[in-house]
Every structure is written in structure tokens, then in C-alpha cells.
Amino acid sequence: MTDAPLIHAMICYDAGDPKRIQHFLKVYEFAKLIGTGERLDGSMQHVLETAAIVHDIGIRLSEQKYGSSSGKYQEQEGPPEARKMLADLGYPEAVITRVCYLVGHHHTYTGISGSDYRILVEADFLVNLYEDGVNTEAVQSAYENIFRTDTGKWLCREIYGIIKPSARIKGTP
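If you're matching positions, the sequence shown starts at 1 in the numbering used here and goes up one per residue.
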């Protein structure tokens with residue numbers, strides 16, 4: 001199944017909000033890159049890419065209902081919206097169920113279960129670190145506390161020019 005119909009649906013869903021559209025497209029591309037680098041099997045890669053496209057689908061409803069786009073509200077409001085969109089596009093129930101789980105947990109950084117979950121969090125962090133304009137110390141902290149995959153760690157180091165913790169301690173690059 002190609003991702004194009006879902007990407008088109010999400011662009012329509014977020015029409016008029018270029019920042020949100022560009023955000024999910026960047027997360028999608030980083031998730032695809034990390035998943036490929038970590039050699040996910042085809043079905044898990046498909047779930048990961050699908051989840052990356054819809055991961056923030058709960059923001060608009062959260063802002064309407066609560067006046068906030070906090071992660072807690074996104075996780076609460078996102079899964080029903082994702083379920084409807086994916087079902088309308090004919091996604092299999094097993095894919096919908098896992099994607100909804102990921103959407104409902106993508107701001108929960110404890111108890112991460114599954115490579116698809118881990119990679120979605122890492123891809124979202126890669127984008128959020130840039131979009132939020134965080135300082136070097138915050139990037140280093142995210143690198144040390146969030147990133148676990150070899151590909152995600154490599155991307156974080158290369159994109160943000162950070163030093164591996166062991167290298168920093170030894171005083172070498």
C-alpha cells in the first residue's frame with residue numbers, strides 16, 4: 001500500500017497550516033530513514049511510516065477542545081481521528097490498531113515497547129529539536145536520554161553536531 005493517499009488526506013486535514021504539514025512530512029522522512037537503517041521488516045516499517053504521517057492528528061482537536069496542544073491531549077484525541085482516517089482509506093484493522101497505539105503514546109517516553117514506537121519518538125525528536133530551537137545542552141540531553149537506535153543516534157550527532165557522551169568525557173571528538 002502506497003503512503004500517498006494517506007499523505008494527501010493529512011495535507012487536506014491540516015490544510016492552511018503549513019508548519020504542521022511540514023512537521024509531519026519531516027517526521028515521516030526521518031522515520032522512514034531510521035526504520036530502513038535499523039532494518040525493520042516490511043510490515044513494521046509500514047506501521048511506522050503510517051504512524052509518522054498521522055502522529056499529530058490530535059493537535060487540532062486538542063486545541064479546539066482544551067485550548068492546548070500538549071502531548072497529553074494529543075495522545076487522548078489523536079487515536080480516534082487516526083482510526084477514522086485510516087479506516088476510510090481501507091487500512092487493515094491490525095495496522096490501524098497499532099498505529100492508534102503509537103499515536104496515543106508518541107509523547108510518552110517511558111515503557112517504550114517496539115522498534116516502531118522507539119523510532120517514531122526519535123524521528124519526532126529530531127524534528128522538534130530543530131523546530132523548537134532548543135539549545136545545545138537540550139540536544140545533548142535528548143541524545144543521551146531518548147535516542148537508542150544506532151541510526152537515530154547517528155542522525156542526532158550529525159544533524160546537531162553533538163559529541164558522544166563517552167567522547168566528551170574523554171575529551172576527544
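Just so you know, even glycine gets a beta-carbon here, dropped at the ideal spot from N, CA and C.
Practice task
Taking THR149 and GLU122 to be in contact with their CB atoms under 8 Å, please state how far apart those CB atoms are, rounded to whole angstroms.
Solution key: 6 Å
Problem - Helix, strand or coil at GLY35 according to DSSP, with G and I counted as helix - result: helix
Exercise for the section: Determine the extent of the alpha helix (DSSP H) in which TYR109 is found, giving its start and end residues. Expected result: Premise fails: TYR109 is in no alpha helix (DSSP H) and is neither H nor E.
Problem - Distance, ALA4 Cα to SER68 Cα - result: 29 Å
Handout entry: Residues near PHE24 in its chain [Cβ-Cβ closer than 8 Å; skip 5 each side]
Key = MET10, ASP14, ALA52, ILE53, VAL54, HIS55 and ASP56
Handout entry: Distance, ILE163 Cα to TYR193 Cα
Key = Coverage of the chain is limited to positions 1 through 173, which leaves residue 193 absent and any answer about it impossible.
Practice task
Could you tell me the distance, in whole angstroms, from the CA atom of LEU126 to the CA atom of PHE30?
Solution key: 8 Å
Practice task
Could you name the residues of the same chain whose beta carbon sits closer than 6 Å to that of ARG20, not counting the 5 residues immediately before and after it, in chain order?
Solution key: ASP14
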